[in-house]
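The letter at position 135 of the sequence shown is residue 578 when you use my numbering, and the numbering goes up by one with no holes.
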Amino acid sequence: MARISEKNARFRSKETICNDLARVLSADLSYGTKFAVVSEITWVWSEFDGKHKGCKYWSSKALQSGLPYRELVHEHIVPKKILINSIINDIENSPQKIYGFLQRFCVGVVVTRDEDFLLNAAGLRSKMPENWDGRDPWARYSEVEIRVEKLDT
Numbered sequence: 444m445a446r447i448s449e450k451n452a453r454f455r456s457k458e459t460i461c462n463d464l465a466r467v468l469s470a471d472l473s474y475g476t477k478f479a480v481v482s483e484i485t486w487v488w489s490e491f492d493g494k495h496k497g498c499k500y501w502s503s504k505a506l507q508s509g510l511p512y513r514e515l516v517h518e519h520i521v522p523k524k525i526l527i528n529s530i531i532n533d534i535e536n537s538p539q540k541i542y543g544f545l546q547r548f549c550v551g552v553v554v555t556r557d558e559d560f561l562l563n564a565a566g567l568r569s570k571m572p573e574n575w576d577g578r579d580p581w582a583r584y585s586e587v588e589i590r591v592e593k594l595d596t
């Protein structure tokens, strides 16, 4: 998805997203509703600057591949399942804490389909490595030796 224009009524700044999410998490809402909102926010956040074009992180192989975007995968460095669970159950419910967590852990990276398969084959589709201490958001990529580059976007 392309970045939403700031002129679009649906545009929200990252600060607005965090303020809204803090309200949702503190509201008397069902777990299912909170889950749906957090799930959507993890996509919006990781694609904030663009799903492919504009995405700040690309694997070296994806960069060198020359493949069209439709043949590449936009992947979360920490699986969505873990992000959602942490946001709902573990993160202090303040816009500032939510912002810090999302900035550090809800990061999108463009990889090749082969690299996506490599993560899945290593059992890391929806979990972090067994020895993960909760600190290094790039642990899955280190585990399967996917090199990532930060682009100047």
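Beta carbons: idealized from backbone N, C-alpha and C, even for Gly.
Beta-carbon to beta-carbon, Ser-502 and Val-552 are separated by about 7 Å, close enough to satisfy the 8 Å threshold. Listed as beta-bridge partners of Lys-593 by DSSP are Tyr-500. DSSP places Glu-518 within a strand segment (E or B) once states are collapsed to three. Counting only runs of 3 or more residues that sit fully inside the segment 529–564, the beta strand (DSSP E) segments are 551–555, in chain order. Distances from the CA of Ser-569 to each of Phe-544, His-495 and Pro-522 were compared; the closest alpha carbon is that of Pro-522. With respect to the C-alpha of Gly-543, the residue from Ala-565, Pro-580 and Glu-588 having the closest C-alpha is Pro-580. Shown here, Glu-490 sits in coil according to DSSP, grouped into three states, outside any helix or strand.
With contacts defined as CB atoms closer than 8 Å, Ile-534 and Ile-541 qualify as a contacting pair. At the C-beta level, Asn-462 and Pro-572 stay beyond 8 Å of one another. Taking the CA atoms as reference points, Tyr-584 sits about 13 Å from Thr-555.
Straight across, the Cα-Cα distance linking Val-467 with Lys-450 is about 25 Å. Residues of the same chain with a CB within less than 7 Å of the CB of Glu-586, apart from the 5 flanking positions on each side, are Ala-565, Leu-567 and Pro-572 in chain order. Your pair Leu-506 and Glu-592 checks out as a contact, with CB atoms roughly 6 Å apart and the cut at 8 Å.
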